[in-house]
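Numbering (the working numbering), first residue to last: 4 to 325.
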């Protein structure tokens, strides 16, 4: 009987071991499903954080020739306008900088590709940096409104994108029409650049203000549009020639123009209903005085008082006449 009891206890022990192993396998399978599924609900997958430099190098290695035929790098002038531009306009861009200029315009023609891992990682990096979250968010959903995308509600008529105070930005890629991948590259530059930490925190905080809120991402895309126009109108030629560079100048002009709009918006107590006129006002001023925009950005980064005071920013038109 003792031997029979021993075999009985052994069989129970083996059953417990097998049951524990089965439960462990089931738990592992369940965990694997949780950590890899990206759906509409909670996401616990963590993709790579992409730096601006990494993304730029990637796009420089891509063949953008299919988009080159659609770019419009300069304004075509004729007659008296051409003569006046030649006599009194900005200097011509150095020949060696033309490829970099055209690359910038080609990026603005490139659409977002849902099948491109890097495109998705850039989008996730922007979201996670702004919201200070660890994990990725679902590709589609109203959560994109948190960082200021407006999805299908945005206007893409070639003019300044309309801003709305309450829109569900289910697909941020639809906001990129008109500025393409250059739009998300600028957002990546702003959110991941070490020197931009204070700037992006200031702007994003204001965009979430209870009274003065605005859609951060869509506002950024509007500033990218202004930067494209400034490059096309040759307003940045002098600065590009002096520094023998296109990308850095355009990036800094973008950031400086966003700073200009931020100071104007904050100090004049503007709200979303003022977005149309202040975007046009900022665009006009920035393209007319790019040196001022770049210099003001440098002073901001140096933690000095910005050149433009609250009093001045109550009237950009008055500053324009100085």
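Just so you know, even glycine gets a beta-carbon here, dropped at the ideal spot from N, CA and C. These numbers come from a predicted model, not from an experiment.
In chain order, 188, 191, 192, 195, 196 place their CB closer than 8 angstroms to the CB of residue 55, counting only its own chain and leaving out the 5 sequence neighbours on each side. Under the DSSP assignment, residue 230 falls in the alpha helix (DSSP H) whose first and last residues are 219 to 235. A straight-line Cα-Cα distance of about 13 angstroms links residue 72 and residue 107.
DSSP places residue 101 inside the alpha helix (DSSP H), whose first and last residues are 101 to 110.
DSSP, reduced to helix, strand and coil, places residue 114 outside both helices and strands of the structure shown, so it counts as coil.
Counted as a single uninterrupted DSSP element, the alpha helix (DSSP H) harbouring residue 130 occupies residues 120 to 134. One thing to note: residue 78 has its Cβ no nearer than 8 angstroms to the Cβ of residue 211. Here the alpha carbon of residue 238 sits roughly 7 angstroms from the alpha carbon of residue 293. Counting the other Cβ atoms within 10 Å of the Cβ of residue 118 gives fewer than 16, which makes it exposed.
Listed in chain order, the non-local C-beta contacts of residue 220 below 6 angstroms within the same chain comprise 150, 151, 152, local neighbours out to five positions each way being set aside.
Under a 10 Å Cβ-count criterion, residue 114 is classified as exposed, with fewer than 16 other Cβ atoms of the shown protein chains found around its own Cβ. Residue environment: residue 68 is assigned as exposed (fewer than 16 neighbouring CB atoms within 10 Å of its CB, all protein chains considered). In chain order, 50, 117, 142 place their CB closer than 8 angstroms to the CB of residue 123, counting only its own chain and leaving out the 5 sequence neighbours on each side. Here residue 148 is buried. Its C-beta has 16 or more other C-beta atoms within 10 Å. For residue 280 and residue 264, the gap between their C-alpha atoms comes out near 11 angstroms. Residue 206: member of the alpha helix (DSSP H) spanning 200 to 210, first to last residue. For residue 132, the number of other beta carbons within 10 angstroms of its own is at least 16, and it is reported as buried. Remark: C-beta atoms of residue 297 and residue 255 approach each other more closely than 8 angstroms. Between residue 183 and residue 110, the C-beta spacing is below 8 angstroms. Taking all protein chains shown into account, residue 218 has 16 or more neighbouring C-beta atoms within 10 Å of its C-beta and is therefore buried. Taking the CA atoms as reference points, residue 128 sits about 12 angstroms from residue 57.
Remark: C-beta atoms of residue 262 and residue 209 do not approach each other more closely than 8 angstroms. With respect to residue 250, residue 230 sits apart: the two C-beta atoms are not nearer than 8 angstroms.
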